[in-house]
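Chains as they are written, first to last, in the working numbering: chain X, 1 to 270; chain L, 1 to 345.
Here it is, written out as C-alpha cells:
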C-alpha cells in the first residue's frame, strides 16, 4: 500500500475513492467486495476513504465517488449535491444510479400518494418520483448493470488509474450471446431484450437461459420498433415487452414512444 | 480422385479409429419452442453424440479455427520493461466429422484471406492445418442457397467426403491419411452400380433446392443499385446486433483490444470478432463514424460478401448456408435482400 504505484516505470497516482449509496439494495457495492480473489489487487490500485458497507472510517476528501442508487427522497438530493461538490469524478454505479433502476417502477403508477399509502400505511415518509443521478447532478461515467459486473469495474478502475480510455460496448447483448453460442431464447419460447440492450455483461442472463430484462439500458442503436414486431411474431404481448423495458428505467424515452402509438398496456388501477 | 465404399455399419469403427484425437461434429443441442431439433458443432465424447442426420447448425464451425475471442499475446510487465509471449493456441489436432459442403467451402474461403494472403495469420493456419475433415453430403433445406453460390459441392479442403448411398457410404478420398484410415476399415473399390447410385443421389439433391439467388452480374447490379430504396427498408429492420456475422461461417472481421491486469503485472492483447453491422464498426479515432446509419452498414455487409470479395477473389464470400437469415430476428435474409435490390421484391 505504501509503495509507489507504477506501470512500466511511469509513476501512477492512487486515486482516493469513496462509495456511496442512495435508494438501492446496495448489491452493487457488495459486488465490489464480493470477488475476494482480486480484492487485494483492487485495494492496491485505489485508496478507499469512505465505504459504509466495507469500513468504519469516513472522509470527505476523495477524487472519485462511486454512487449506487437512485434519488427517491428530497433529502437525498442535498446529499448527492454535496458529494458532487467534493468529488472530481462522479461515477453512477449500477442500474439505479444510471436509470432509476427497479425503484423507478413506482413512477408507473399515476398516483404517488396512493403508492405511499400502500407501502408505508399510516407512517408516511416523504418520497418523490424516482430519478437517476444525472437528473440532479453531472455524472461523468456510468457503470451499467443490475448488479454491476465486478470484472467490468476492475477493468474500468485499472484503465482510470493508468490513464487508458474507458469504453462500454455500443452494441446489443445479442453480439455476446451469439459469441457464447447460446440458442436464441426466442427460439426456446422466452421473451428477451438482448437485441436492444447494451452489451458488456457477456450475456450473463441468457447464458443461463434467462431472457434479458435490459438492466444495462439501451444499446447505442436500440431498434425497439423492430423488437415490438419480433415480440408479436413470437407471440408476446406489448405488455410483456413493456414490463421488461420499464423494469430498470433505461428505456424510458423509448417506451414513451411505444405507449404513445399503442394503447398503454400496463395501466394500473388506483 | 480415389473413390471408396464401405458399409454403413463400419462408420462407428471409422469414428473410433479417428477418436484418438479430439472429435468435433454436429450434435443435438435441444428443441425449439415448436419441438424442432436444434443442432450445433461441438466436441463429441462418444459416437452417439454425433447427429449425422442434422439440419443446419445454428452456428458455423468457425470458432474452431477463428475463435470469437482469442488471446494473441500476453505480456509480463516488469518495473521498466516487458516480456512478450505469443501462443497460437494450437494444442491438439481436431477431427471434424460430418461437415457439409457449405462449411467446407467456407473454410476454403477463409483460407484465401487468412492463409493465402501476403500476411498469413499464424493463429488461423495453426488451427486449420491441424484439422482432419470428414465431409458429409446433405439434402437442401428451405433456407439453403448454396446451389446459387456454387458451394453445394466441395472440391477440396477436406480429407474424405462421405455420400450416403442407403446401406453404404461412397467416399471421395483427398488425403493419404484418409486413405490409410479407410484401409484400416477395409473399404472397397466402388462398383459401376455404386457410381450410378452416387450420380443419382447428387442429381436428386440438385433438384431439391427451394431457394435461389440470382448471382449473374450481381457485382454490377450492386453498383447500379447503390442508392436503392431497398437498403433503407432493410436498414429500418436491422437491429445492428451482429448476429448475422457471428453465425456466418466466413465473416472474419475483428477488433483488437489491449488490457492491463488489475495487479499491473501482466497485460494481454485480445482479438475479438466484430461485425460490420455494429454501430462502431467504422468509427475511427477522434470519434468520426463513416457508417452511422443502419442501412449503410447492412449494405456494406452485402457489398463485401457479393461485390468486393468477388472482385478480389473471383468468387463470393457467401456460401449460401442461410444461417444469417435463420438467426436474424428481424427476418433479413440474403435471398430476399438481393431480390429486392434487383427490384424483384
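From the three backbone atoms N, C-alpha and C, an ideal C-beta is built for every residue, glycine too.
Quiz item: Quick one: Cα of residue 1/L to Cα of residue 10/L, how far?
Solution: For residue 1/L and residue 10/L, the gap between their C-alpha atoms comes out near 22 Å.
Quiz item: In this structure, does DSSP put residue 258/X in helix, strand or coil?
Solution: Correct three-state label for residue 258/X: helix.
Quiz item: Do residue 108/L and residue 148/L come within 9 Å of each other at the CB atom, strictly closer than that value?
Solution: For residue 148/L and residue 108/L, no; Cβs fall outside 9 Å.
Quiz prompt | Per-residue DSSP class, three states only, for residue 69/L | solution = Judged by DSSP in its simplified three-state form, residue 69/L adopts strand.
Practice problem: Please state whether DSSP places residue 91/L in a helix, a strand or coil. | Solution: Here DSSP, grouped into helix, strand and coil, assigns residue 91/L to coil.
Exercise. Evaluate contact between the segment 135-151 of chain X and the segment 93-101 of chain X, counting only Cβ atoms and requiring at least three cross-stretch pairs below 8 Å.
Key: Touching, per the Cβ criterion.
Practice problem: Could you check if residue 29/L is buried or exposed, using at least 16 other CB atoms within 10 Å of its CB as the buried criterion? | Solution: Per the 10 Å Cβ criterion, buried.
Practice problem: Determine the direct distance from the alpha carbon of residue 242/X to that of residue 268/X, and round the result to whole angstroms. | Solution: Residue placement at residue 268/X cannot be trusted, given a pLDDT of 45 that sits under 50; what the coordinates show is reported in the next sentence. Each residue's alpha carbon lies about 13 Å from the other.
Quiz item: In chain order, what residues of the same chain have a beta carbon less than 8 Å from the beta carbon of residue 9/X, not counting five sequence neighbours either side?
Solution: Cβ contact annotation for residue 9/X (same chain, cutoff 8 Å, sequence separation greater than five): none.
Quiz prompt | Strand pairing of residue 197/X, partner residues [DSSP] | solution = In the DSSP output, where bridge partners are listed per residue, residue 197/X has 218/X.
Self-check item: Close-in-space but distant-in-sequence residues of the same chain around residue 172/L (CB under 7 Å, 5 per side omitted)
Solution: When the five nearest sequence neighbours on each side are left out, the beta carbons in the same chain lying within less than 7 Å of the beta carbon of residue 172/L are those of 1, 3, 160, 161, in order along the chain.
Quiz prompt | Whole-number beta carbon distance between residue 126/L and residue 88/L, since they are thought to touch under 8 Å | solution = That pair is a contact at about 4 Å.
Quiz item: Mind checking if residue 184/X is an interface residue toward chain L, Cβ cutoff 9 Å exclusive?
Solution: Between residue 184/X and chain L, the shortest Cβ-Cβ separation is below 9 Å.
Quiz item: By the criterion of Cβ-Cβ separation under 8 Å, what are the contact partners of residue 7/X in chain L?
Solution: Taking a Cβ-Cβ threshold of 8 Å, the residues of chain L close to residue 7/X are 77, 260, 264, in chain order.
Quiz item: Taking just the CA atoms, how far does residue 265/L sit from residue 357/L?
Solution: Because chain L is modelled from 1 through 345, residue 357/L falls outside the range shown and cannot be assessed.
Exercise. Give the interface partners of residue 45/X over in chain L, defined as CB-CB distance under 9 Å, in chain order.
Key: Within 9 Å Cβ-Cβ: 262, 263, 264.
Quiz item: Going along the chain, which residues of its own chain have a beta-carbon closer than 8 Å to the beta-carbon of residue 236/L, five neighbours each way excluded?
Solution: Excluding sequence neighbours, residue 236/L sits near 294, 295.
Exercise. Using the Cα positions of residue 130/L and residue 94/L, report the straight-line distance between them to the nearest angstrom.
Key: About 6 Å.
Exercise. Measure the CB-CB distance between residue 75/L and residue 84/L and report whether it falls below 9 Å.
Key: The Cβ atoms of residue 75/L and residue 84/L sit closer than 9 Å to each other.
Self-check item: Span of the alpha helix (DSSP H), counted from its first residue to its last, around residue 296/L
Solution: Residues 294-303.
Exercise. Just list the alpha helix (DSSP H) runs in the segment 100-176 of chain L, keeping only unbroken ones of 4 residues or longer that don't cross its boundaries, in chain order.
Key: Contiguous alpha helix (DSSP H) elements confined to the segment 100-176 of chain L occur at 101-114, 122-128, 146-149, taking only those with 4 or more residues.
Quiz item: What are the residues that DSSP puts in a beta bridge with residue 24/L?
Solution: Answer by DSSP bridge pairing, in chain order: 43/L, 96/L.
Quiz item: Is the segment 137-152 of chain L in contact with the segment 204-223 of chain L, if contact means three or more CB pairs nearer than 8 Å?
Solution: Counting C-beta pairs closer than 8 Å gives three or more between the segment 137-152 of chain L and the segment 204-223 of chain L, which meets the contact rule.
Quiz item: How many whole angstroms separate the CB atoms of residue 28/X and residue 68/X, which I take to be in contact at a CB cut-off of 8 Å?
Solution: Sure, about 5 Å apart at Cβ, within 8 Å.
Quiz prompt | Cut-off 7 Å between Cβ atoms - residues of its own chain near residue 317/L, not counting five sequence neighbours on either side | solution = Within the same chain, and ignoring the five residues on either side of residue 317/L in sequence, the residues whose Cβ sits closer than 7 Å to its Cβ are 109, 250, 304, 305, 309.
Self-check item: Interface flag, residue 69/L vs chain X, CB-CB below 9 Å
Solution: Contact with chain X is found for residue 69/L, since one of that chain's Cβ atoms lies less than 9 Å from the residue's Cβ.
Quiz prompt | Contact set for residue 15/X: own chain, Cβ-Cβ below 6 Å, skip 5 residues either direction | solution = Closer than 6 Å at the Cβ level, and outside the excluded window around residue 15/X, lie 46, 63, 64.
Quiz item: Name the chain L residues that come within less than 7 Å of residue 143/X, Cβ to Cβ?
Solution: One finds nothing in chain L with a Cβ atom closer than 7 Å to the Cβ of residue 143/X; even the nearest lies about 16 Å away.
Quiz prompt | Limits of the alpha helix (DSSP H) - the one that residue 15/L falls within | solution = For residue 15/L, the enclosing alpha helix (DSSP H) has its first and last residue at 11-18.
Quiz prompt | Which residues DSSP lists as bridging residue 81/L, in chain order | solution = Looking at the DSSP assignment, residue 81/L forms no beta bridge with any residue, so it has no partner.
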